[in-house]
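Remarks on the structure that follows.
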Amino acid sequence: MQALTNRAKAVDRKPLSLVEKLYVVNIAKGMMITLGHFFKKKATISYPEEKRPFSPVFRGLHILNRDEEGRERCTACGLCALACPAEAITMEAAERLPGEENLYREEKYAAKYEINMLRCIFCGLCEEACPKDAVYLSETFAPSNYQRKGFIYGKQDLLIPSPKENPGEYQKAIGNRKAN
Amino acid sequence: MHSALLAIDLFLVIEKLVLIIAIVSISLVIAMYETYAERKVAAFIQDRKGPNRAGPFGILQPLADGLKLFMKEEIIPNTSNRLLFILGPCLAMMAAMMTSAVIPWGGTLNVFGRPVTLQIADINIGILYVFGVVSMGVYGIMIGGWASNNKFSLMAALRGASQVISYELPMGLSLIALLMLTGSLKMSEIVAQQMDGWWNIIYQPLGFFIFLVCAFAECNRTPFDLPEAENELNFGYHQEYSSMKLGFYLFAEYINMFISSVVMATLFFGGYDVPFFNDAAHADWGNWLVALQGAVLLIKVCFFIFLFMWVRWTIPRFRYDQLMNLGWKGLIPLSLFNMVVTAAFVLWKSNGYKF
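Written as structure tokens, this is what we have:
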């Protein structure tokens with residue numbers, strides 16, 4: 001019969017040779033191999049103390065960005081919700097009132113902005129869709145939670161700390177990405 | 001005179017009681033840390049780190065495991081034979097602990113001017129006693145498997161029983177060859193001979209090898225762990241067991257491993273004899289010498305325990321027919337051959353090396 005691939009190998013059904021029948025030689029060989037592994041460097045990473053670095057293009061939890069004066073960039077245009085294939089994003093828009101110019105960059109802002117992290121597939125299409133560079137995906141992932149409602153992230157969970165009031169936290173959240 | 005006899009007896013009773021408690025607790029602690037060592041060795045061989053969270057380097061892990069086993073729900077199946085179901089793990093544990101009675105753990109201690117031999121009972125049929133008690137260990141498996149009223153457990157128990165019985169034969173035959181050389185069944189006598197001369201491993205390498213293989217089989221360790229073959233028998237004879245009764249079975253296995261390591265060290269590797277060192281010439285060291293001897297015995301035992309684990313994480317399990325073939329067609333003829341050759345040599349020697 002024609003073999004399906006050229007990697008096919010006939011099963012060797014030769015009776016064992018005398019040395020193989022004694023088992024001892026082959027067992028000794030095997031034990032030397034395991035002894036070698038005994039002294040090898042371990043592959044384990046002790047997780048909470050030691051973390052594996054993420055790739056710069058890693059797509060993790062979302063962050064709502066602010067501009068350099070600490071104003072929210074999001075204008076609640078809804079393009080991210082439209083782009084989202086998993087329909088994880090919902091938002092409600094509101095109009096900026098006089099005196100709130102230091103909070104929101106444009107006249108319209110998102111009064112409510114929610115992402116359901118159980119639905120999100122972390123594809124990054126919202127980041128690509130955003131015309132205002134307001135949403136991007138960070139290098140962390142959603143921590144575990146006991147309840148479903150814990151996975152619905154509201155605005156206070158997503159917003160980046162203000163660069164004016166809390167520059168240290170802001171730099172940490174930005175990481176090694178280019179700000180703005 | 002009567003009261004004097006009574007007084008001496010009282011001291012002896014106290015001495016032996018202290019010895020028994022010490023040896024039992026030492027073997028329990030060693031068995032506990034064997035479980036830890038087993039996990040560490042397994043991890044290291046598989047390029048992992050092993051348990052390292054409970055305490056520094058994870059040394060409290062066995063305590064955590066024990067606590068977990070004690071806290072678990074104890075289930076006795078409805079259809080099981082209640083008495084036998086409880087008797088099984090008890091027997092396994094008891095048989096495992098009893099062997100340590102005849103093993104010489106060191107020389108003679110001097111406690112406030114009173115010589116104390118570090119051996120619970122120096123009976124003149126020491127090896128036969130070990131043999132008898134070890135073969136009693138199979139009752140734990142048999143009774144546990146039978147009382148569970150579960151076909152997998154019963155199959156495992158049958159396998160275990162036939163395996164242990166088959167491998168006892170070559171073990172006994174290899175011991176006969178050794179006993180022809182030593183001329184004594186007394187454990188302390190065998191060690192004393194090795195302290196003066198060479199270790200028995202020099203005279204009996206083949207005998208030791210057969211004994212080692214049989215010890216693996218007797219302890220139900222890989223590659224002979226067929227009674228608890230997870231993938232074909234779901235867990236073997238302790239499938240229905242939970243909580244500390246399961247813990248007793250697992251513990252008995254580790255104690256057995258410890259005891260068989262001690263027996264191997266005693267019979268073939270000079271017992272508590274310190275290598276390249278004349279123990280008799282340093283008798284003035286007193287109790288320190290005895291402590292050193294105990295430590296040396298412990299090091300030898302640790303090596304054997306490591307060997308058990310090393311083999312376990314290297315070799316896959318034998319098929320059942322391979323196991324039986326190896327036992328009956330491989331090891332028994334080999335040990336018979338060893339016995340005949342040894343007998344011929346002993347005869348030749350007693351004849352003054354003349355034919």
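As given, the protein sequences belong to chains Y and C, one line each in that order. Under the UniProt record's numbering, the residue at position 122 of the first sequence is numbered 122, and the numbers go up by one with no gaps. Under the UniProt record's numbering, the residue at position 6 of the second sequence is numbered 6, and the numbers go up by one with no gaps. Heads up, the beta-carbon is just placed ideally off N, CA and C, and yes, glycines get one too. A quick note: this is a predicted structure, and the numbers were derived from the prediction, not measured.
| For Lys-42 of chain Y, which residues in chain C fall below 7 Å Cβ to Cβ? | Mapped onto the first sequence, residue 42 of chain Y falls at position 42. Per Cβ cutoff of 7 Å: Asp-47, Arg-48, Lys-49.
| query | Based on Cα-Cα distance, which residue from C:Glu-232, C:Ser-148, C:Phe-268, C:Ile-30 lies nearest to Gln-239 of chain C? | reply | As a working mapping, residue 239 of chain C is identified with position 239 in the second sequence. Ranking the options by Cα distance to Gln-239 of chain C, first place goes to C:Ser-148.
| request: Can you check the region 224–257 of chain C for any alpha helix (DSSP H) of at least 4 residues that lies completely inside it and give the ranges in chain order? | output: 230–233
| request: List the residues of chain C whose Cβ lies closer than 8 Å to the Cβ of Ile-30 of chain Y, in chain order. | output: In the first sequence, the residue the question calls residue 30 of chain Y occupies position 30. In the sequence on display, residue 30 of chain Y carries Gly and not Ile. Per Cβ cutoff of 8 Å: Thr-314, Ile-315.
| said: Need the endpoints of the beta strand (DSSP E) that Val-111 of chain C sits in, please. | reply: What you label residue 111 of chain C is simply residue 111 of the second sequence in a count that begins at 1. That run of the beta strand (DSSP E) goes 108–111.
| field | At least three beta-carbon pairs within less than 8 Å, the region 107–122 of chain Y to the region 77–91 of chain Y | value | yes
| task | At 9 Å on the CB atoms, spell out the chain Y contacts of Trp-310 of chain C, in chain order. | result | The residue given as residue 310 of chain C occupies position 310 in the second sequence. Near Trp-310 of chain C (Cβ distances below 9 Å), the residues of chain Y are Met-31, Thr-34, Leu-35, Phe-38.
| Where Met-1 of chain C and Leu-10 of chain C are concerned, what is the direct C-alpha to C-alpha distance, given to the nearest angstrom? | Walking along the second sequence from the start, residue 1 of chain C turns up at place 1. Walking along the second sequence from the start, residue 10 of chain C turns up at place 10. With a pLDDT of only 47 at Met-1 of chain C, under the threshold of 50, the placement of this residue in the model should not be trusted; the figure read from the coordinates follows. Cα-Cα distance, rounded: 14 Å.
| In whole angstroms, what is the alpha-carbon distance linking Val-24 of chain C and Met-98 of chain C? | Start at 1 with the first residue of the second sequence, and residue 24 of chain C comes out as number 24. Start at 1 with the first residue of the second sequence, and residue 98 of chain C comes out as number 98. Approximately 9 Å, taken between the alpha carbons.
| task | Could you pull out every unbroken alpha helix (DSSP H) segment of at least 4 residues lying fully inside the region 53–124 of chain Y, listed in chain order? | result | 79–83
| request: Inspect the CB distances between the region 261–279 of chain C and the region 78–89 of chain C and report whether three or more fall short of 8 Å. | output: no
| query | By DSSP, does Thr-182 of chain C sit in helix, in strand, or in coil? | reply | Counting from one through the second sequence, the residue named residue 182 of chain C turns up at place 182. Note: Thr-182 of chain C maps to helix in three-state DSSP.
| query | Under a three-way DSSP split, which group does Val-116 of chain C fall into? | reply | The residue you call residue 116 of chain C lines up with position 116 of the second sequence. Of the three classes helix, strand and coil, the one that applies to Val-116 of chain C here is strand, per DSSP.
| Does the region 102–110 of chain C touch the region 151–167 of chain C, meaning 3 or more C-beta pairs lie closer than 8 Å? | Judged by Cβ distances under 8 Å, the region 151–167 of chain C makes no contact with the region 102–110 of chain C, as fewer than three pairs qualify.
| query | Under 8 Å between C-beta atoms, does Phe-44 of chain C make it to chain Y? | reply | Stepping through the second sequence from its first residue, residue 44 of chain C is reached at position 44. Cβ-Cβ to chain Y under 8 Å: yes for Phe-44 of chain C.
| Counting pairs of beta carbons, one from the region 124–132 of chain C and one from the region 180–190 of chain C, are three or more of them closer than 8 Å? | yes
| task | Using the Cα positions of Pro-85 of chain Y and Lys-155 of chain Y, report the straight-line distance between them to the nearest angstrom. | result | As a working mapping, residue 85 of chain Y is identified with position 85 in the first sequence. As a working mapping, residue 155 of chain Y is identified with position 155 in the first sequence. Looking at the two C-alpha atoms, the distance is approximately 21 Å.
| In terms of residues, what are the limits of the alpha helix (DSSP H) holding Tyr-320 of chain C? | Looking up residue 320 of chain C in the second sequence gives position 320. Run containing Tyr-320 of chain C: 320–324, per the alpha helix (DSSP H) assignment.
| Can you name, in chain order, every residue of its own chain whose Cβ lies under 8 Å from the Cβ of Glu-73 of chain C, other than the five neighbours on each side? | As a working mapping, residue 73 of chain C is identified with position 73 in the second sequence. Closer than 8 Å at Cβ, skipping near neighbours: Ser-242, Ser-243.
| Given Tyr-47 of chain Y, which residues of its chain have a CB within under 7 Å of its CB, disregarding the five upstream and five downstream residues? | Counted from its first residue, the first sequence places residue 47 of chain Y at position 47. So no residue of the chain qualifies.
| task | Give me whichever residues DSSP pairs with Ile-152 of chain Y in a beta bridge. | result | Translated into positions along the first sequence, residue 152 of chain Y becomes position 152. For Ile-152 of chain Y, which the question treats as bridged, DSSP gives the partners Y:Asn-116.
| query | Roughly how many angstroms lie between the CA atoms of Thr-140 of chain Y and Ile-174 of chain Y, to the nearest whole one? | reply | Residue numbering aside, residue 140 of chain Y sits at position 140 when the first sequence is read from its first letter. Residue numbering aside, residue 174 of chain Y sits at position 174 when the first sequence is read from its first letter. Each residue's alpha carbon lies about 11 Å from the other.
| Is the beta carbon of Gly-145 of chain C sitting closer than 8 Å to the one on Tyr-249 of chain C? | Locating residue 145 of chain C in the second sequence gives position 145, counting from the first residue. Locating residue 249 of chain C in the second sequence gives position 249, counting from the first residue. No, these two residues do not count as a Cβ contact at 8 Å.
| request: Tell me, to the nearest whole angstrom, how far the beta carbon of Ile-332 of chain C is from that of Leu-173 of chain C; I am working on the premise that it is less than 8 Å. | output: Counting from 1 along the second sequence, the entry for residue 332 of chain C is found at position 332. Counting from 1 along the second sequence, the entry for residue 173 of chain C is found at position 173. Contact flag correct, Cβ pair sits at about 7 Å.
| Cα separation between Val-341 of chain C and Phe-208 of chain C? | As a position in the second sequence, residue 341 of chain C is number 341, starting the count at 1. As a position in the second sequence, residue 208 of chain C is number 208, starting the count at 1. Their Cα atoms are separated by approximately 15 Å.
| request: Determine the DSSP secondary structure at Val-134 of chain C, reduced to helix, strand or coil. | output: Taking the first residue of the second sequence as position 1, residue 134 of chain C is located at position 134. The answer is helix: DSSP assigns Val-134 of chain C an H, G or I state.
| Do you know offhand how far Glu-127 of chain Y's Cα is from Thr-314 of chain C's? | Position 127 of the first sequence, counting from 1, holds the residue named residue 127 of chain Y. Position 314 of the second sequence, counting from 1, holds the residue named residue 314 of chain C. Straight-line measurement puts the Cα of Thr-314 of chain C at about 51 Å from the Cα of Glu-127 of chain Y.
| said: Which complete alpha helix (DSSP H) runs does the region 154–213 of chain C hold, if anything under 4 residues is left out? | reply: 187–196, 200–203
| request: With DSSP as the reference, label Tyr-353 of chain C as helix, strand or coil. | output: Sequence index remark: in the second sequence, residue 353 of chain C carries index 353 (1-based). Tyr-353 of chain C falls in the coil class under three-state DSSP.
| Proximal residues of chain C, C-beta to C-beta of Ile-27 of chain Y below 8 Å | Residue numbering aside, residue 27 of chain Y sits at position 27 when the first sequence is read from its first letter. Val-311, Thr-314, Ile-315, listed in chain order.
| task | Would you mind sorting Lys-300 of chain C into buried or exposed? The rule is 16 or more other CB atoms within 10 Å of its CB. | result | Walking along the second sequence from the start, residue 300 of chain C turns up at place 300. Classification for Lys-300 of chain C: buried.
| said: Quick check on the DSSP output: the alpha helix (DSSP H) that includes Leu-18 of chain Y runs from which residue to which? | reply: The residue you call residue 18 of chain Y lines up with position 18 of the first sequence. Looking at the DSSP string, the run of the alpha helix (DSSP H) that includes Leu-18 of chain Y is 18–21.
| request: Put Tyr-136 of chain Y into one of helix, strand or coil per three-state DSSP. | output: By one-based count along the first sequence, residue 136 of chain Y stands at place 136. In this structure, Tyr-136 of chain Y counts as strand in the three-state DSSP scheme.
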